[in-house]
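The next block holds one structure in the form of C-alpha cells; read it before the comments.
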Amino acid sequence: MKPRVRFAPSPTGYLHIGGARTALFNWLYARRNGGTFVLRIEDTDLERSTPESVKAILDGLKWLGIDWDEGPEVGGPFPPYFQTQRLASYKKHAEQLLAQGKAYRCYCTKEELDARRSEGGLGWKYDGKCRERKDTPNLPAVIRFKMPHGDGSYSFDDHVLGRITKTFSDLDDFVMMRADGIPLYNFGCVVDDHEMEITLVGRGQEHVNSTFPQLALYDALGWKPPTFAHFPLILGPDREKLSKRKHPEADVMLHKKNGILPEALLNFVIRLGWGHGDDEFIPVEQMKQWFGFENVGKTSGVWNPEKLVWLNQQYLKKLPIEDIAQRVTPFVPGVAAGDPRIAKLVGAFRERTKSLGEMGEKMAGYFKHGVTIDAEAAAKHLTPDGKGVLAKARDALTPLGTWNAAAIDEAVKKLAETSGLKMGAIAQPLRVAVTGTTTSPGIGETLELLGREEALSRIATALK
RNA sequence: GGCCCCAUCGUCUAGCGGUCUAGGACAUUGCCCUUUCACGGCAAGAACACGAGUUCGAAUCUCGUUGGGGUCACCA
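Residue numbers (my numbering): 1 to 464.
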C-alpha cells in the first residue's frame, strides 16, 4: 500500500523552522516511497488562526520547494482541507461516541476548572465530576472523552523512538469538542487522519504524549490507527525548543530575507536529526533517494547558524552562475533584473560571500560612481609612496587595448618587473583606490568588473 | 512535581558486541597556496555523562544514578 502522510500546521503565524522540517521529512518520505503528501490546515483555534498565516505557511512551503499532492489550492479526494470546514464530520462522530457512552457532556465552566486545577497543582487531571452525570441541563457543555479506567495501557511502535507505553491512569478525560462544536486538536486530528486515510503520522516529539489520547479515540471509534514517527526537536542556542517567541531564527522567511538559499536551508535542517553516513552536502534530489526514518535520530539538535551559512556558501559555489545572478539581483540596490554585469560579479563573489545579502552588498559598490575610501586603508596604502606607485599603475593601465582581467594582470605584472616592486605593493594601492578597501577579488578581475572608465576615474580621484 | 523521551568532540553527527589508540562536518588554531580577501590543501586541539552488571570482549546490551528536553489548556 502506498503511504499517505500529511503535514498539518496551525495557521497562527509564519512557517516555523520546526514545522518546515516536519513537512520536509513527511514530503521526502512520500516522494521516496511513491506515496501521497497531504497538506491540511488545522485552523480550529479561532482566536489565533488567520488567513494571512495560511498564506504565509503556503508561501513558505513553496519557497522551500515542498509541494503537496492534496490540500489547499490543489484539492484532492478528501476535501475540504481546512478543519473549520469539516465541522459536520466531527459532530457526527462526537454524537456517536456520546450515544455509545464513550464520551459525555461536561458542564464545568472554565473558571471552575481553573480553580480546581490551581488547587490540584501541576499534573492535575480532570476529576471526572461530570463523568457519571445523568441530568442534561440546558447549559453550554463541552464533550469529554471517557477514558477507560483500570489497569490497561496504550502503546505504539514509533518508527524512530521504538515502543512507547502509557497506562490509563496517566491519562484523563480530555475535552474533544467545545460547546460551539469546534473540535480540539486530538479529536479533529484523529477524525481527519482517518477520513483522509493517512497511514503514517510524522510529527515533532512534542506530540508523543498526545498520541495516547488519540489512540484511545481510534480505539473507541473502532478505527485502525496509523503508525507514528516522532522527530527530534530543534533547539535554540539556549537549548530550549525553538519557538517563535524566543527565537527569531524560527521564521523560515527571515532566512529568505537574509539571503539564505532554500536549498541550503533544507540541507541544513535535514541534517538536524537525520544523516546519511558522512555526507554533508545533500541536494534535494539526493534527499529523495536517501531519506528514511531508519536514520532519523532520537536526540534534539541545536540550531547552528555557522553551519547553515557554510552550507549556503557551498550552494552559492555550486549552483549555476545565471541562477545565482537572478536570485541575488533583488539584493543589489538599484540594479535592474537581467543586468549582464551581475553574472560576472557572481563569478567573482560567490567564493567570497556566504549569503545573497552579503553578496549584494559587496556588489553594490560596482554599480556606483566613485567610492568612499576607508580611512585606515588609505593611511596604510595611499601614502606618498603608494600614490607614486598608483600613478605608475595608471600610466601602465591607461593605454591598454583590451580591458580585461588577463590584460590588466599582465600589465601590473610587467610593471612589477620593471619597477622591481612586489605585486602586493602595486595591487594594494590600486585596490584601495578603486574599492576603498583592502579586500576584493583579484586586482585584474576587480578592475575589469568596474569597467575602464570607472576604474580610471576612481584612480584619478585617489591621486588628487 | 507526575508522566514520556533522550544522552559520542563547543555544535551537527558516524558507529548498529571485536575492524575504535572512536571517523566526518561546522567552528577554533597553525602551516601551505597567494597581489588583498576568500576559495582550496594539509595539520592540531577537542567526545563515548557516571556507576554497577551481562560477555572472552561494550561507545554499542541490561539496570541504576545524574543531566537535558518534552508534556501536563475549552492551543496545536
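For glycine and all other residues, C-beta sits at the position ideal for the given N, C-alpha and C.
Using the three-state DSSP reduction, which class does residue i fall into: helix, strand or coil?
{"i": "Arg-163", "result": "strand"}
{"i": "Glu-306", "result": "helix"}
{"i": "Trp-290", "result": "helix"}
{"i": "Lys-368", "result": "coil"}
{"i": "Leu-400", "result": "coil"}
{"i": "Ser-419", "result": "helix"}
{"i": "Arg-86", "result": "coil"}
{"i": "Glu-47", "result": "coil"}
{"i": "Gly-347", "result": "helix"}
{"i": "Ile-234", "result": "strand"}
{"i": "Tyr-315", "result": "helix"}
{"i": "Val-284", "result": "helix"}
{"i": "Thr-438", "result": "coil"}
{"i": "Lys-241", "result": "strand"}
{"i": "Thr-136", "result": "coil"}
{"i": "Phe-37", "result": "strand"}
{"i": "Trp-274", "result": "strand"}
{"i": "Gly-123", "result": "coil"}
{"i": "Gly-497", "result": "One cannot answer for residue 497 here, as it falls past the ends of the chain, which runs 1 to 464."}
{"i": "Gly-297", "result": "coil"}
{"i": "Glu-70", "result": "strand"}
{"i": "Phe-78", "result": "coil"}
Would you kindly report the start and end of the unbroken beta strand (DSSP E) that includes residue i?
{"i": "His-230", "result": "227–231"}
{"i": "Ile-41", "result": "No beta strand (DSSP E) holds Ile-41; DSSP gives it neither H nor E."}
{"i": "Ala-115", "result": "Ala-115 -> not in any beta strand (DSSP E); alpha helix (DSSP H) instead, spanning 110–120."}
{"i": "Val-516", "result": "With the chain running from 1 to 464 in the structure shown, residue 516 is simply not present."}
{"i": "Ala-250", "result": "Taken as a continuous stretch (DSSP letters only), Ala-250 belongs to no beta strand (DSSP E), as it is neither H nor E."}
{"i": "Val-142", "result": "142–145"}
{"i": "Arg-105", "result": "103–106"}
Could you check if residue i is buried or exposed, using at least 16 other CB atoms within 10 Å of its CB as the buried criterion?
{"i": "Asn-312", "result": "buried"}
{"i": "Arg-48", "result": "exposed"}
{"i": "Gly-162", "result": "exposed"}
{"i": "Arg-31", "result": "buried"}
{"i": "His-381", "result": "buried"}
{"i": "Arg-40", "result": "buried"}
{"i": "Glu-448", "result": "buried"}
{"i": "Gly-35", "result": "buried"}
{"i": "Ser-53", "result": "buried"}
{"i": "Gly-71", "result": "buried"}
Residue i lies in the alpha helix (DSSP H); which residues open and close that run?
{"i": "Leu-265", "result": "262–270"}
{"i": "Phe-25", "result": "17–32"}
{"i": "Ile-466", "result": "The question about residue 466 has no answer, for the chain in this structure spans 1 to 464."}
{"i": "Ile-321", "result": "321–328"}
{"i": "Glu-376", "result": "375–381"}
Could you tell me the alpha carbon to alpha carbon distance between residue i and residue j, rounded to whole angstroms?
{"i": "His-276", "j": "Met-287", "result": "9 Å"}
{"i": "Gly-451", "j": "Tyr-29", "result": "51 Å"}
{"i": "Glu-361", "j": "Pro-333", "result": "8 Å"}
{"i": "Asp-69", "j": "Leu-87", "result": "23 Å"}
{"i": "Ser-10", "j": "Glu-42", "result": "5 Å"}
{"i": "Pro-441", "j": "Phe-7", "result": "45 Å"}
{"i": "Lys-224", "j": "Glu-285", "result": "34 Å"}
{"i": "Gln-205", "j": "Phe-367", "result": "50 Å"}
{"i": "Lys-129", "j": "Cys-108", "result": "8 Å"}
{"i": "Glu-111", "j": "Asp-127", "result": "15 Å"}
{"i": "Asp-279", "j": "Gly-236", "result": "24 Å"}
{"i": "Asp-67", "j": "Ala-425", "result": "55 Å"}
{"i": "Phe-331", "j": "His-93", "result": "53 Å"}
{"i": "Arg-131", "j": "Pro-262", "result": "51 Å"}
{"i": "Leu-64", "j": "Ala-378", "result": "44 Å"}
{"i": "Tyr-185", "j": "Met-196", "result": "16 Å"}
{"i": "Asn-267", "j": "Ile-282", "result": "6 Å"}
{"i": "Lys-2", "j": "Val-160", "result": "20 Å"}
{"i": "Lys-55", "j": "Gln-314", "result": "30 Å"}
{"i": "Thr-22", "j": "Val-269", "result": "10 Å"}
{"i": "Trp-310", "j": "Thr-84", "result": "42 Å"}
{"i": "Ala-433", "j": "Val-335", "result": "23 Å"}
{"i": "Leu-15", "j": "Ala-250", "result": "8 Å"}
{"i": "Ala-391", "j": "Leu-356", "result": "35 Å"}
{"i": "Arg-325", "j": "Leu-221", "result": "The sequence given here places Ala at residue 325; Arg does not occur at that position. Roughly 56 Å separates the two Cα atoms."}
{"i": "Pro-399", "j": "Ala-411", "result": "10 Å"}
{"i": "Ala-348", "j": "Asp-374", "result": "22 Å"}
{"i": "Thr-465", "j": "Thr-329", "result": "Lying before the first or after the last residue shown, residue 465 is absent from the chain, which here runs from 1 to 464."}
{"i": "Ser-155", "j": "Arg-4", "result": "22 Å"}
{"i": "Asp-395", "j": "Ala-462", "result": "14 Å"}
{"i": "Ser-300", "j": "Gly-18", "result": "11 Å"}
{"i": "Lys-465", "j": "Leu-345", "result": "Missing from the structure shown is residue 465; the chain here goes from 1 to 464 and no further."}
{"i": "Asp-59", "j": "Gly-259", "result": "16 Å"}
Return the chain-ordered ranges of every alpha helix (DSSP H) run that is complete within the region 158–228 and spans a minimum of 4 residues. 185–195, 211–221
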